[in-house]
Amino acid sequence: MYLQRVKNESVWQSLKILFMGSLLIFLINIYFGFDNSLTAGEIERWQVLIHLHGGSIGWITLSAIGIMIWLVSGDRNVDTNYERRVRTLVWAAVLIFAGYVPSFGLAFSRPSGFLVALLPIFGSGAVIVLWVSAIFAFSQFKHQPVVTSVHFLAAGALLTAAIGATVGMLLGLERVIGQFLPLPAGDRVGAHAGMMDTYLFLVASGVVEWATRKEATRWSWAGLLQALFWMVGAALVPIAFFLNMVEQILPIFMLMLLVGLLFFLIRFAWRALANFSLSPGTKSWTFFGTLWLIIYMGLFLYGISLFMSGGGFEDVSWFAAVFAHSGFVGMMTNLIMGVIASRAQDGREVLPWGESASFWLINLGMLTFFVLKISSDIRLGAIVMGLGVLLGVFTMFRRLQAS
Ligand code: HEM
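Be aware that the sequence shown starts at 458, since it is given in our numbering, and climbs by one per residue.
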């Protein structure tokens, strides 16, 4: 495992602040997750959106920035200027993302009035943070002792997220000044959502490779192609929507997703799966994250083919919930917990049982959630998963404090 301590103390502390921030913002998602579980009938849109973005922006994207900073800083000797830039980026990301998440709840629960403007205001801040992070990541390549495939995946992920988030921010702006984007009337959000759903593969497979490799090795063509297939594939989504060529372009997108997956399966997924360990630690989180990545990809391809066949999702009312949680909780939450477990190593004496109890509760809880949802359209199983996530957040937060 070459996911090791960052040499520079100040950067190491900045990462602690970033991960504590992302665990705290995740609480917004978890709170509304419990509320969703106990809600009968349709959940209001504002509630779905604050729940979704608490997880996808506050928890996952903020952590993806932390993963990149960790990776490009690594074993290097860096100067005070670098330390300051990292600290500024971390604080800006934490504060802006913490403001952006509640904006979804406020703007969508009160569709008129000044609160709607919060979306493009915080959205622009978030977009700037993501572009700065992506540029920072690529600009650090020349200082790396070894540029690995993980660097391409992590930096490529942030570039993809920056483009996708720009489209999202423009959709938020439309709510204030009216529609101006040339998007098809039916599904305008797809141009943003499809790209953001795909960027997760880059972060996730980067973490799996990072946690599975024994040491940093120079990038390979296979690794680069894996990153490129998923990056270009993700960029095809908004292009398809803007050119109104969804039917022509989405099959190419699906093919690119599959080819990227094939590279990942052959290169690292099998190693991560063979590495399963019952003891708490990054290995077991990575095992579960890899398993869910494959399931999420299967659901993704199934969802796109349903969308393209025009059949709609009426017969599979469970699909959105199972798809979202396989990717965001199954794949991403397992993997990010693994990364934070590594950052919080020095505090591992705190709640020694908390980590394994959390990963079993999360993963068995997800199964319970999905079985009940698919068989009887009941949401209550999500409570077990939610308790696992909450325990994981609490354990990691306390360990980070102690580390
Ligand atoms: C990264 C974390 C998470 C993300 C991004 C996320 C995302 C989503 C999304 C997009 C939906 C709407 C699905 C739809 O359109 O029907 C949803 C619904 C829901 N979420 Fe989450 N979620 C996360 C974590 C959680 C957690 C931790 C819990 C439990 C505490 C939870 C419980 C639920 C429930 C019960 C629903 C309603 C499902 C249904 O429609 O039956 N989620 N979530």
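All residues carry an ideal CB built from backbone N, CA and C; glycine is no exception.
As the structure is a computational prediction, the values presented were derived from the model and not from experiment.
Asked	Found
Can you determine whether any heavy atom of ligand 1 sits closer than 6 Å to the C-beta of A839, and answer yes or no?	yes
Looking at the secondary structure, which residues open and close the alpha helix (DSSP H) in which R502 lies?	R502 to H510
Taking the alpha-carbon positions, what's the L718 to S566 distance?	39 Å
For G613 and L659, I'd like the C-alpha separation in whole angstroms.	7 Å
Rounded C-beta distance between L795 and G845? I'm assuming under 8 Å.	The question names Leu, but residue 795 is Gly in the sequence shown. So it is not a contact: roughly 14 Å between Cβ atoms.
Can you check the stretch 629-699 for any alpha helix (DSSP H) of at least 4 residues that lies completely inside it and give the ranges in chain order?	647-669 and 678-699
Using three-state DSSP, classify A801 as helix, strand or coil.	coil
Hey, L576 and G635: beta-carbon distance below 7 Å or not?	no
Does the distance from the CB of G690 to the CB of F721 come in under 7 Å?	no
Measuring alpha carbon to alpha carbon, tell me which of L756, I524, E540 and A549 ends up nearest G663.	I524
Is G490 near ligand 1, with its Cβ less than 6 Å from a heavy atom?	yes
For ligand 1, is there a heavy atom less than 6 Å away from the beta-carbon of R836?	yes
From this set, Q802, Y656 and I482, which residue's C-alpha is nearest A611's C-alpha?	Y656
So the alpha helix (DSSP H) W882 belongs to, where does it begin and stop?	Because residue 882 is not part of the residues shown, which for the chain are 458 to 860, the question remains open.
Using only the heavy atoms of ligand 1, determine whether one of them is closer than 6 Å to the beta carbon of N493.	yes
Can you tell me where the alpha helix (DSSP H) holding A470 begins and where it ends?	The residue you asked about is not Ala; residue 470 is Gln in the sequence shown. It spans E466 to L495 - the alpha helix (DSSP H) in which Q470 sits, taken as one unbroken run.
Report the residue from I592, M653 and L472 whose alpha carbon sits nearest the alpha carbon of A622.	M653
Comparing C-alpha positions only, which one of V584, R462, R728 and W516 sits nearest to G849?	W516
With a CB to CB cut of under 7 Å and the five nearest residues on each side skipped, what residues in its chain are close to P641?	F698 and N701
Does the beta-carbon of Q683 have 16 or more other beta-carbons within 10 angstroms, so that it is buried, or is it exposed?	buried
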